[in-house]
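End of the sequence shown = 468 in the working numbering, gap-free, step of one.
The beta-carbon is built from N, C-alpha and C at its ideal position, and this holds for glycine as well.
Remember, it's a predicted structure, so these values are computed and weren't measured experimentally.
Read the structure below first, then the notes.
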Amino acid sequence: MLRVNEKLVLALPKGRILNEVMPVLRDVGIEPEAGFEDSDDRRLRFATNLPELDIIRIRSFDVATFVAFGGAHLGVCGNDVLLEFDYPEIYAPVDLGLGRCRLVVAEPEDMIGSDDPATWSSLRVATKYPTLTQAHFAGRGVQAECIKLNGAMELAPQLGLCRRIVDLVSTGNTLKANGLVEIEQIAAITSRLAVNRAAWKTRPDEIGHWITKFRGAVDGDAA
Numbered sequence: 246m247l248r249v250n251e252k253l254v255l256a257l258p259k260g261r262i263l264n265e266v267m268p269v270l271r272d273v274g275i276e277p278e279a280g281f282e283d284s285d286d287r288r289l290r291f292a293t294n295l296p297e298l299d300i301i302r303i304r305s306f307d308v309a310t311f312v313a314f315g316g317a318h319l320g321v322c323g324n325d326v327l328l329e330f331d332y333p334e335i336y337a338p339v340d341l342g343l344g345r346c347r348l349v350v351a352e353p354e355d356m357i358g359s360d361d362p363a364t365w366s367s368l369r370v371a372t373k374y375p376t377l378t379q380a381h382f383a384g385r386g387v388q389a390e391c392i393k394l395n396g397a398m399e400l401a402p403q404l405g406l407c408r409r410i411v412d413l414v415s416t417g418n419t420l421k422a423n424g425l426v427e428i429e430q431i432a433a434i435t436s437r438l439a440v441n442r443a444a445w446k447t448r449p450d451e452i453g454h455w456i457t458k459f460r461g462a463v464d465g466d467a468a
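Printed below as a string of structure tokens:
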């Protein structure tokens, strides 16, 4: 339960996106305490230069859950996560334009030329995104059986789990290195500022202030 007099909590994802979001944080006036950018620091919650704001550093998939259920008031996460979970408790008012990639369908190179996606009626797919994947294929009248994997998706066709995967792609190098080819894009992905709707209702001035600041950082006028 979110309490009106508690500190605001901003949830940020570990890894590559954290590195990209740090300049934005500084643009909006947030400076985490020492150790926040050190991957060897095992703490998960950090103070900032602002006494009213703390930051938590968690897995990207968990950011949306913390925001939706009130563990964090705000967060930064990809719209892949927002689309997969589709939490009604989350409002995502600002596209930060970070972490640009795409969610795609890929298959082995040796299937290209003999495989026609227009003829699919059912298929088995390995993915971290079963909800998004099933919805995408259902929209085309295709029944998708999803094998849920949290990583190493590219191994699934090699080891006979399935013939196709749905995964995030940035450069495409990992697909190529594992003999896979992108055949269809499901969605373009960027990181968004996510807001807990209840927090915005109960603390509109504070939450509204940060929405404005992050939007200004994207537009180049954060000051």
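- Shown here for R290: same chain residues with a beta carbon closer than 7 Å to its own, the five before and five after excluded, namely D299, I301 in chain order.
- Each residue's CA atom was taken as its position, placing L406 and N441 some 38 Å apart.
- Where D464 is concerned, there is no enclosing beta strand (DSSP E), although the alpha helix (DSSP H) around it starts and stops at 449 to 464.
- DSSP places P375 in the helix class (H, G or I) of the three-state scheme.
- Here DSSP, grouped into helix, strand and coil, assigns K446 to helix.
- Taking R304 as the centre and dropping the five residues before and after it, the same chain places the C-beta of P258, K259 closer than 8 Å to its C-beta, in chain order.
- Rounded to the nearest whole angstrom, the CA to CA distance from V269 to V321 is 11 Å.
- Under the three-state reduction of DSSP, F330 is assigned to helix.
- G344 counts as buried, since at least 16 other C-beta atoms from the protein chains shown sit within 10 angstroms of its C-beta.
- Counting along the chain, the unbroken beta strand (DSSP E) around N441 starts and ends at 425 to 441.
- Given a length threshold of 4 residues, each whole run of the alpha helix (DSSP H) inside the segment 390 to 414 is given here in chain order: 400 to 403.
- 9 Å or more divides the Cβ of E390 from the Cβ of S366.
- Membership of L341 in the beta strand (DSSP E) is indicated by the continuous run 335 to 353.
- Going by C-alpha positions, D325 is about 12 Å away from V414.
- Going by DSSP, P268 is part of the alpha helix (DSSP H) stretching over 261 to 272.
- Secondary structure at V387: coil, using DSSP grouped into helix, strand and coil.
- If you check the CB distance, V350 and E429 come in under 9 Å.
- Between E451 and L253 the beta-carbon gap is near 6 Å, inside 8 Å, which marks them as a contact.
- Taking all protein chains in view, the Cβ of I357 is surrounded by fewer than 16 other Cβ atoms within 10 Å, so the residue is classified as exposed.
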